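Undergrad:
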Ligand code: 13P
C-alpha cells in the first residue's frame, strides 16, 4: 500500500443530537486511544461539530464535516463556508456524497466548486464517487466514475490535489447491507488510481488515498483493507456506535 496511512472515516449523516454526538465521540476517543498506524475521523452533523471538536481535542480522532458551500461568506441562508468549518475544528470535509447528489441536486460542477473552496481553506476534501445499480448492470461503472472524477477535479493542479482523498461508494451498497466484494472494490480503486495518474501524474496517483464506502462493518473491513488499492473506509451506519466503529478502526 505504498506509504498511504489508512483512513477510517465515519459519516454520521443526519443522526445524533449534540449530547449524543459528544457521548459517542468521547467513547470512540477512549476506544481508539492506542491506535497509531491509521487515522480515524468522524463527521458529525453541523450542529455538533464545535462540541465534538472540544471532545476530541488531544485525541487520536480527527474531525470532518459532511458538506460545505463554496462562497466564503454572504447572504446564503442556511449555508456553511469552508472557513467556518476550519474555525470549528474540522480537518476534513466530505464532498459530493451520493445522497447529496440524489436529494440536493449536487452536480459534478458544484462538487468542483466545493473542492476548490475546501483546498483554499486547507481542508482535506473527501470526494465521493460511485455508480448506481442500474449503471453497474448496464456496464457503465467506469464511464460514470470517469465523468465524476474528470469533471469534479477539473482545472486543479497536482499540487492543489496533494491532500485529496477519494471515496468510492457504489450507490447500491450504501445502507443496503450489500457490500461490494473486495475484488470489485479493488478493480474500481485501481481504475480510479489510474485515472488520477493520467490526469495528475504518478506521484499523486501513488499518494492519493482511496477509501471504500458501502455497508462496511467489523466483519468485512479486514478483507477490504487487504486489497492493495483500498486505503481506508467511509462508514455510515456502523460508525454511529462507538463500539462498532472502533472495531472497524482497529481491524487486524
Ligand atoms: P453505510 O455504511 O450505512 O452503507 O453508508 C455508507 C456511506 O454512505 C458513507 O458515506
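In our numbering, the protein residues as written are 250 to 501. For glycine and all other residues, C-beta sits at the position ideal for the given N, C-alpha and C. No experiment lies behind these values; they were computed from the predicted model shown.
#1: Hey, could you find the ends of the alpha helix (DSSP H) residue 297 is sitting in?
#2: So what's residue 502 in DSSP terms, helix, strand or just coil?
#3: Can you tell me whether residue 260 is helix, strand or coil according to DSSP?
#4: Identify which residue in 439, 391, 476 and 418 has its Cα closest to the Cα of residue 349.
#5: Which word fits residue 341, buried or exposed, when buried means at least 16 other C-beta atoms lie within 10 angstroms of its C-beta?
#6: Which residues in the same chain as residue 273 place their Cβ atom closer than 6 angstroms to its Cβ, once the five residues preceding and following it in sequence are excluded?
#7: Would you say the beta carbon of residue 434 is closer than 7 angstroms to some non-hydrogen atom of the ligand 13P?
#8: According to DSSP, simplified to helix, strand and coil, what is residue 488?
#9: Would you mind reading off the limits of the beta strand (DSSP E) that contains residue 364?
#10: Can you pull every residue whose C-beta falls closer than 6 angstroms to some heavy atom of the ligand 13P, listed in chain order?
#11: With distances taken from CA atoms, which of 439, 493 and 299 is nearest residue 336?
#12: Taking the CB atoms as reference points, tell me whether residue 290 and residue 313 lie closer together than 8 angstroms.
#13: Measure how close the beta-carbons of residue 390 and residue 380 come, nearest whole angstrom, since I'm counting them as under 8 angstroms.
#14: Quick check on the DSSP output: the alpha helix (DSSP H) that includes residue 462 runs from which residue to which?
#15: Between residue 457 and residue 415, how many whole angstroms is the CB-CB distance? I'm expecting something under 8 angstroms.
#16: Can you have a look at residue 351 and say buried or exposed, based on whether 16 or more other CB atoms are within 10 angstroms of its CB?
TA: Let me spell this out:
#1: Translated into positions along the chain shown, residue 297 becomes position 48. That residue, residue 297, is in no alpha helix (DSSP H); it is neither H nor E in DSSP.
#2: Shown here, the chain extends from 250 to 501; a query on residue 502 therefore has no answer.
#3: By one-based count along the chain shown, residue 260 stands at place 11. Reduced to three states, the DSSP call for residue 260 is strand.
#4: In the chain shown, the residue the question calls residue 349 occupies position 100. Minimum Cα distance to residue 349 is reached at 418.
#5: Position 92 of the chain shown, counting from 1, holds the residue named residue 341. Residue 341 should be labelled buried.
#6: For the purposes of this step, residue 273 is taken as the residue at position 24 of the chain shown. Answer for residue 273: 491, listed in chain order.
#7: Walking along the chain shown from the start, residue 434 turns up at place 185. Residue 434: no, Cβ never under 7 angstroms from the ligand 13P.
#8: Working through the chain shown from its first residue, we reach residue 488 at position 239. Helix at residue 488.
#9: Walking along the chain shown from the start, residue 364 turns up at place 115. Counting along the chain, residue 364 falls outside any beta strand (DSSP E), though it belongs to the alpha helix (DSSP H) covering 357 to 369.
#10: 260, 346, 418, 423, 424, 462, 463, 464, 465, 483, 484, 485, 486 and 487
#11: As a position in the chain shown, residue 336 is number 87, starting the count at 1. Residue nearest to residue 336 within the set 439, 493 and 299 is 299 (criterion: CA-CA distance).
#12: Here the question's residue 290 lines up with position 41 in the chain shown. Here the question's residue 313 lines up with position 64 in the chain shown. Yes, they are a contact pair.
#13: Looking up residue 390 in the chain shown gives position 141. Looking up residue 380 in the chain shown gives position 131. Yes, residue 390 and residue 380 are in contact; Cβ-Cβ is about 4 angstroms, under 8 angstroms.
#14: Your numbering for residue 462 matches position 213 in the chain shown. Element bounds for residue 462: not the alpha helix (DSSP H) but the beta strand (DSSP E), 458 to 462.
#15: Locating residue 457 in the chain shown gives position 208, where the first residue counts as 1. Locating residue 415 in the chain shown gives position 166, where the first residue counts as 1. At roughly 6 angstroms, the Cβ-Cβ gap stays under 8 angstroms, so residue 457 and residue 415 are in contact.
#16: In the chain shown, counting from the first residue as 1, residue 351 sits at position 102. Classification of residue 351: exposed, given that the 10 Å Cβ count is below 16.
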